[in-house]
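> Take 102 as the starting number for the sequence shown in my numbering and just add one per residue.
A single structure is presented below for examination.
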Amino acid sequence: MDRYHEMQMFEALSERPSLASAARRLDVSGPTVVRAIARLEARLGVALLVRSTRGVALTEAGAAFMVDCSRILKEIEEAEASAKGLHVEAQGNLKVMLPLLFSRYVMTSMLANYMSMYPAVRVFAQYHDRFPNMNEDGLDVAVLVGNLPNSSLIARPVGHVRSIVCGSPAYLARQGEPQVPEDLRHHRLVATHAYRDKVQWDFQQQGELNAIKARTRLSCATVQAAIDATAHGAGLTRCLSYPLYDYLNSGQLRRVLQAYELPALPVHVVYREGRKASMRVRSFVDFIVDGLREHPAMRADAP
């Protein structure tokens, strides 16, 4: 068996570290997978797997080798597709990462429309508010909020979002509207993290950063739960503007302390390959870049 097929055998463990599941995924026998990995370990001179009564797990060397295997096999797949002329047609698996709540408030219709337009592409979406390692996470495309670190990624700007404090009209009528950030200490604050008894919210006052620390009355496990509680009059909460757009536009929530908000955060669509990107990546990037640039929640002054 050549090195390519041995790498395929090993990479089959990426979805789930189980020799039996890897064999089923490749439609080969279990002993075939075991022998292939044994040859790999013998040639490399390192252990790739740790075997126990619970099953198998990747060693540190195995995890690093898995990243390289996935990258090399993907490059081979892309090269073959290009040679066959498939590079001009969008097809295959596409792994994307989006900020939390982006699907519900911004991306739902865009994803549905993209999949209707490109039926041969299967999209696997992850949702995290973090900056990923595109190579290690095996991602094709990501939407990132915030200033980008220096990297070799291709980044296309699509808009801006802000960190906003808001409350329901009923709550503000009952408790009064805060006029300066210090007034928040006299309000009911809703935290967007579970078990958070205090919050620290940063504001811009006369060109300087000012942090307000105050006790919370309610701590929610998710941002969505905090938004819903705030819309029902629980107090004031603070989060990024895109999940608040519909609430603010409909009048369920009102924005406060706007004069003290931090500068808007840029939003980018990032990917790795640039002009060498496959058609499925380029088609998805072009589609969502156009869609996000037109979305009102991506405007710096929205809503």
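Quick reminder that beta carbons are idealized off the backbone N, C-alpha and C, glycines included.
Here the structure is a predicted model, which means the values were calculated and not measured.
Hey, Val368 and Val262: beta-carbon distance below 8 Å or not?
Walking along the sequence shown from the start, residue 368 turns up at place 267. Walking along the sequence shown from the start, residue 262 turns up at place 161. Yes. Within cutoff.
> On the premise that Gly260 lies in contact with Arg394, defined as a C-beta separation below 8 Å, what is that separation, rounded to the nearest angstrom?
In the sequence shown, counting from the first residue as 1, residue 394 sits at position 293. In the sequence shown, counting from the first residue as 1, residue 260 sits at position 159. That pair is a contact at about 6 Å.
> Return the residue from the list Phe232, Asn236, Arg155, Pro200 that minimises the CA-CA distance to Arg373.
For the purposes of this step, residue 373 is identified with residue 272 of the sequence shown, where counting begins at 1. Among Phe232, Asn236, Arg155, Pro200, the Cα nearest to that of Arg373 is on Asn236.
> Rounded to a whole number of angstroms, what is the C-alpha to C-alpha distance between Thr293 and Leu341?
Stepping through the sequence shown from its first residue, residue 293 is reached at position 192. Stepping through the sequence shown from its first residue, residue 341 is reached at position 240. Those two C-alpha atoms are separated by around 11 Å.
> For Pro367, name the three-state secondary structure that DSSP assigns.
As a working note, residue 367 is residue 266 in the sequence shown. Three-state DSSP puts Pro367 in a strand.
> From Phe225 to Glu278, what distance separates their C-alpha atoms?
Reading the sequence shown from its first residue, position 124 is the one you call residue 225. Reading the sequence shown from its first residue, position 177 is the one you call residue 278. Approximately 43 Å between the Cα atoms of the pair.
> Just the C-alpha distance for Tyr219 and Ala213, rounded to the nearest angstrom, thanks.
Start at 1 with the first residue of the sequence shown, and residue 219 comes out as number 118. Start at 1 with the first residue of the sequence shown, and residue 213 comes out as number 112. The alpha-carbon atoms of Tyr219 and Ala213 are separated by roughly 10 Å.
> From His287 to Arg172, what distance separates their C-alpha atoms?
As a position in the sequence shown, residue 287 is number 186, starting the count at 1. As a position in the sequence shown, residue 172 is number 71, starting the count at 1. Going by the C-alpha atoms only, they are around 54 Å apart.
> Mind checking which residues open and close the alpha helix (DSSP H) that includes Glu107?
Taking the sequence shown and counting its residues from 1, the one referred to as residue 107 is at position 6. Taken as a continuous stretch (DSSP letters only), the alpha helix (DSSP H) holding Glu107 covers 104–112.
> Compute every distance between the C-beta of His333 and the non-hydrogen atoms of the ligand NAP, then say whether any falls below 7 Å.
The ligand NAP is not part of the structure shown, which contains no ligands of any sort.
> Using a threshold of 8 Å, state whether the C-beta atoms of Gly247 and Val291 are closer than that.
Within the sequence shown, the letter at position 146 stands for residue 247. Within the sequence shown, the letter at position 190 stands for residue 291. No.
> Can you give the Cα-Cα distance for Leu149 and Ala123, rounded to whole angstroms?
Here residue 149 refers to the residue found at position 48 when the sequence shown is read from its first residue. Here residue 123 refers to the residue found at position 22 when the sequence shown is read from its first residue. Their backbone Cα atoms lie some 15 Å apart in a straight line.
> Taking the straight line between their C-alpha atoms, what separation do you get for Gly334 and Ala271?
Taking the sequence shown and counting its residues from 1, one reaches residue 334 at position 233. Taking the sequence shown and counting its residues from 1, one reaches residue 271 at position 170. If I take the Cα positions, the gap works out to 6 Å.
> Does DSSP put Pro220 in a helix, in a strand, or in coil?
Here residue 220 corresponds to residue number 119 of the sequence shown, with the count starting at 1. Pro220 falls in the coil class under three-state DSSP.
> Consult DSSP for His188 and reduce its assignment to one of helix, strand or coil.
Looking up residue 188 in the sequence shown gives position 87. Bear in mind that a pLDDT of 47 at His188, under 50, signals an unreliable position, so the model cannot answer this.
> If Lys239 sits next to Leu354, beta carbons under 8 Å apart, how far is it from one beta carbon to the other, in whole angstroms?
Here the question's residue 239 lines up with position 138 in the sequence shown. Here the question's residue 354 lines up with position 253 in the sequence shown. The question names Lys, but residue 239 is Gly in the sequence shown. About 37 Å; that fails the 8 Å criterion.
> Do you know offhand how far Ser119's Cα is from Ala221's?
Working through the sequence shown from its first residue, we reach residue 119 at position 18. Working through the sequence shown from its first residue, we reach residue 221 at position 120. Roughly 29 Å between the two C-alpha positions.
> For Cys321 and Ala330, which I take to be in contact (beta-carbon distance under 8 Å), what is that distance rounded to the nearest angstrom?
The residue given as residue 321 occupies position 220 in the sequence shown. The residue given as residue 330 occupies position 229 in the sequence shown. Confirmed, about 6 Å.
> According to DSSP, simplified to helix, strand and coil, what is Cys170?
Position 69 of the sequence shown, counted from the first residue, corresponds to residue 170. Cys170 falls in the helix class under three-state DSSP.
> Indicate the three-state DSSP secondary structure (helix, strand or coil) for Gly163 in the structure shown.
Looking up residue 163 in the sequence shown gives position 62. Here Gly163 sits in helix by DSSP.
> Does Leu149 come out as helix, strand or coil in the three-state DSSP assignment?
Numbered from 1 along the sequence shown, position 48 holds the residue referred to as residue 149. Reduced to three states, the DSSP call for Leu149 is coil.
> Check Met399 in the structure and name its three-state DSSP category.
In the sequence shown, the residue the question calls residue 399 occupies position 298. It is helical.
> Tell me where the alpha helix (DSSP H) around Ala315 begins and ends.
Here residue 315 refers to the residue found at position 214 when the sequence shown is read from its first residue. Element bounds for Ala315: not the alpha helix (DSSP H) but the beta strand (DSSP E), 309–316.
> Is it buried or exposed for Ile177, if we count other Cβ within 10 angstroms and need 16 for buried?
Working through the sequence shown from its first residue, we reach residue 177 at position 76. Exposed, since its Cβ has fewer than 16 Cβ neighbours within 10 Å.
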